[in-house]
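Structure record follows, encoded as structure tokens.
In our numbering, the protein residues as written are 10 to 759.
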């Protein structure tokens, strides 16, 4: 093995990786993540585990370890797997593998050189991530962030990177390299990080029953490739105080160190296994096997006679648009039928559905009574995530298939319209999505039959998965196809698609995701069998109209930029002039108007609803006008209350009346007090019932001030009657249910 040739391959791989948009989009996502973590907007916790209290330092070694353990799997896993898994396959697709292996380069030098170059590229991205963490945590510090940012200590960043980040990256890189090189199926590469993430989030990180023996718990700690469970169970589940977490290092035990070394060894062993298996397939078959194969080949017995062309039963003629799309769909379906992705993801989804339904419990560890609607809602997030990840891969690979097979020129010259090609590929992927939903439905039916408490109903599944989920799938498919037609690069499309998913999750986690941007309805679906989707029903309708309208726009853009032949440089420069650009935009205006109108409508509803701009302005006005002067004023306490409440959810209307018994629990007599009412209250009446009190009332911006002629003595009480009615704001809540958190399948909260 020549170190010089190995380093040549590693240097070439490193230079190629650092020039690809995939790596820089990945680095940009990590920098954005580092900024979010430094502001405290993104805080990571799982279940009841958290790092210290409210003043815990985000820069402590415990906090950085916990963050990097999860970020190392979520933000690194997909990019590492795609880069490492396609490293050797890419040489075959670009037709340089034959040239490489015709040189004195050995298989060992080639494989280990590739792996070394990949690890160096990953190290560059990891270094950018660490430097960004240090910069945002210690250089770009604002006054509001300083209380949760401690002093700089290099140890707090280096040790988590070495013990939590590096073993995970080496394990995923080596496993993906082996899966891609030996399986020759890109879906195996893509399946690896999805499976690892789902197993960790649904089982290893969150499954902690009280009856689990300590020995088995330690086995699960050792099996976690991210190290999250070990950190939780060993250090975080029992709160040791803010001071300890802020200053103490993460103590490592033999179980954790041994587990991390085993995962590093597994990654390197996968590379060694890849090198040995690849050596058998290069430069011809094994001599013994070649001789055995030659012995089995029969000798020709005579001269073959040519057959007439009529025996081929070929036909000529012009086919319609639907027939063309059907032909493309049949070819794609044949490819999907032999693809292992369907047989890998369907069991994964079944495991997810069964795990959610059978492992989740209610209050006091009581079993949940599942209905069709609750099951459809419980698996909504998981199905959305899995379908988006799966269709991202299959859409890109179906569009890349002709190019990787060397048939792009023939396929581009075929008598097929571009619309029929895209429609046929989309239909085939739709069949794949339908198969996934069918498997999830059958799993839900089995759960209901086993529980045997509630009947199986098709309506909730059709409503949640059909009306709400299908537009998300259509939007995602059209978006991925549009991105691919614009960039014409597999890895850039993967990076943009994964970046969109991560950006949506990040906005969800910091509470800045509203209905306009929540295209996948993540954590926005809440079900009640008594009133299906009654809350924010208008938001669901307009959101789905926006998704369908955006689908049409992305389809139009994909058709516009879907080039089947190499463009003329002169013609391309001509099309970039202002007039052609204006005319092209004018032709797209009819399909751009519907999503634009739906988006504006939804934005107005959000503005006028809870948490919208008008409500925030009213809160600021109320604070400046009233609360600032009453924040420290003594107030009576409520000793008893009799309330009659009437609700009409369909009209967003409420009416209430009753009495409060107020008691002066202060040490001094109380001569005045204030009550506040809602901004949406109408016909408000507040009266002191006790005749012995004379009083006057001042009302200003929903603040009612009572001045008593006879002060309320300490311990004395008075009766206050009230009545009001009103309509809630004519809008929708800004974020919808589940705002401010990003829940992974299995209940892991980011």
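All residues carry an ideal CB built from backbone N, CA and C; glycine is no exception.
Straight across, the Cα-Cα distance linking residue 213 with residue 90 is about 21 Å.
Within the same chain, Cβ atoms closer than 7 Å to the Cβ of residue 477 are found at 530, 534, 549 and 553, the five residues on either side in sequence being excluded.
Taking a cut-off of 8 Å for Cβ pairs, the region 125 to 132 and the region 171 to 188 touch, as three or more such pairs fall below it. Collapsing the DSSP output to three states places residue 519 in coil. Assignment of beta strand (DSSP E) within the region 708 to 733, counting only whole runs of 3 or more residues, yields 712 to 721 in chain order. In the structure shown, residue 497 falls within a coil segment according to DSSP collapsed to helix, strand and coil. DSSP places residue 529 outside any alpha helix (DSSP H), giving it a letter other than H or E. In its chain, beyond the 5 residues on either side, 355, 358 and 359 have a beta carbon closer than 7 Å to the beta carbon of residue 448. Look at residue 161 here: in three-state DSSP terms it is coil, with no helix or strand label. Counting along the chain, residue 648 sits inside the beta strand (DSSP E) bounded by residues 646 to 657.
Contact check for residue 436 against residue 338 passes: the beta carbons are separated by less than 8 Å. Distance from the Cα of residue 440 is smallest, within the candidate group 427, 262, 465 and 399, for 399. Annotated as distal: residue 147 and residue 124, with beta-carbon spacing of 8 Å or more. By alpha-carbon distance to residue 231, the top candidate from 266, 413, 652 and 30 is 266. Assigned with DSSP and collapsed to three states, residue 328 falls in coil, not helix or strand. Contact between residue 561 and residue 525 fails: their C-beta atoms lie close to 18 Å from each other, not under 8 Å.
In the DSSP assignment, residue 458 falls within the alpha helix (DSSP H) that extends over 427 to 460. The region 27 to 44 and the region 501 to 513 touch, with no fewer than 3 CB-CB distances between them shorter than 8 Å. A Cβ-Cβ separation of about 31 Å leaves residue 289 out of contact with residue 405 under the 8 Å criterion.
Considering only 381, 388, 460 and 556, the residue with the shortest C-alpha distance to residue 539 is 381.
The straight-line gap separating the alpha-carbon atoms of residue 250 and residue 386 is approximately 38 Å. Cα atoms of residue 234 and residue 418: separation of roughly 44 Å, rounded to the nearest angstrom. Beyond the five residues adjoining it in sequence on each side, residue 18 comes within less than 7 Å, by CB distance, of 118, 119, 122, 123 and 126 in the same chain, given in chain order. In the structure shown, residue 608 falls within a helical segment according to DSSP collapsed to helix, strand and coil.
Its Cα nearest to that of residue 139, the residue 168 stands out among 128, 112 and 168. According to the DSSP assignment, residue 33 belongs to the alpha helix (DSSP H) that extends over 30 to 47.
Within 10 angstroms of the beta-carbon of residue 415 lie fewer than 16 other beta-carbons, which makes it exposed. Contact annotation: residue 115 and residue 10 have beta-carbon atoms nearer than 8 Å. For residue 67 against residue 158, the beta-carbon gap comes to about 6 Å, under 8 Å, which counts as contact.
If you draw a straight line from the Cα of residue 551 to the Cα of residue 536, it is about 18 Å long.
The C-beta of residue 591 has fewer than 16 other C-beta atoms within 10 Å across all chains shown, which makes the residue exposed.
Closest in alpha carbon position to residue 94, among 542, 697, 726 and 184, is 184. For the options 732, 485 and 92, the alpha carbon positioned closest to that of residue 668 is the one of 732. For a cut-off of 8 Å, the C-beta gap from residue 462 to residue 378 is around 6 Å, short enough to register as a contact.
Residue 569: member of the alpha helix (DSSP H) spanning 546 to 570, first to last residue.
Taking the CA atoms as reference points, residue 570 sits about 19 Å from residue 330.
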